[in-house]
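Following: one structure in structure tokens, then a few remarks.
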Amino acid sequence: MSVPDDHLSDHRVESDPVGFHAAVDVRWSDMDVYQHINHARMVTLLEEARIPWLLVDGRPTANLRHGAVIVDLHVKYRGQLRHEDGPLDVFMWIDTVRAVDFVVGYEVRARGAALDTPAAVVASTQIAAFDIDAQRLRRLTREEREFLVSWQRV
């Protein structure tokens, strides 16, 4: 899977928290009758944001695309996001890393919004490594853990 470089960036600026930015396009089909992004579509946009960060070839966590399950998901809306706010800036980091799972944190803002402005959406996803053949959770590898920990907020 390849992703255009202009849609993602490793964000490691001294004065800012550790995190990864992905620009995620908003489609007309993402909108609901109230003209803001529908909840189910927001969950999809969060998934689209984390894929280039965690699952592309060359990342130590790329193997998770062959076996991972969503354990928990929380989405809090603190403002509206509309089609004209796209592409959305999805700022992500690792909150927690354990033996078999980890938690991704998200802040979603309109295009061009400063990091010090309140996020319109704050979310988290707990993801567990899964062995499809054995149908059970598996431990994260050393390489996966090290990569995830390098994105952890302290």
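Just so we're aligned, residue 8 is where the sequence shown starts under this note's numbering, counting upward by one. We put the beta carbon where it would ideally sit given N, CA and C, even for glycine.
Going by the DSSP bridge assignment, what does residue i pair with across the sheet?
i	result
Phe98	His28, Glu114
Ala136	Ala75
Leu144	Phe137
Gln159	Ile101
Ser131	His81, Gly112
From residue i to residue j, what distance separates their C-alpha atoms?
i	j	result
Glu55	Gln142	25 Å
Asp92	Ala120	9 Å
Met38	Glu114	19 Å
Arg105	Arg149	12 Å
Gly112	Gly26	9 Å
Thr41	Trp35	For the sequence presented, residue 41 should be read as Tyr rather than Thr. If I take the Cα positions, the gap works out to 12 Å.
Gly86	Phe98	16 Å
Pro125	Leu88	13 Å
His90	Ala130	19 Å
Val50	Val128	11 Å
Leu61	Asp102	14 Å
Asn70	Leu147	10 Å
Arg72	Leu144	14 Å
Gln159	Pro94	25 Å
Leu52	Arg118	14 Å
Arg66	Asp96	21 Å
Would you decide whether residue i is buried or exposed? Buried here means 16 or more other CB atoms lie within 10 Å of its CB.
i	result
Ile139	exposed
Thr68	buried
Asp64	exposed
Asp108	buried
Asp123	exposed
Arg116	buried
Val110	buried
Val161	exposed
Glu151	buried
List in chain order: all unbroken beta strand (DSSP E) runs of 3+ residues lying wholly within the stretch 41 to 85. Listed in chain order, the complete beta strand (DSSP E) runs (minimum 3 residues) inside the stretch 41 to 85 are 75 to 84.
Does the contact criterion of 3 or more C-beta pairs under 8 Å hold for the stretch 40 to 58 versus the stretch 23 to 31? Verdict: yes, contact present.
Report yes or no: do the stretch 75 to 82 and the stretch 130 to 137 share at least 3 C-beta pairs separated by less than 8 Å? With the rule of 3 Cβ pairs closer than 8 Å, the stretch 75 to 82 counts as touching the stretch 130 to 137.
Pairing CB atoms from the stretch 41 to 53 with CB atoms from the stretch 81 to 92, are three or more of them under 8 Å? Result yes; three or more Cβ-Cβ pairs closer than 8 Å.
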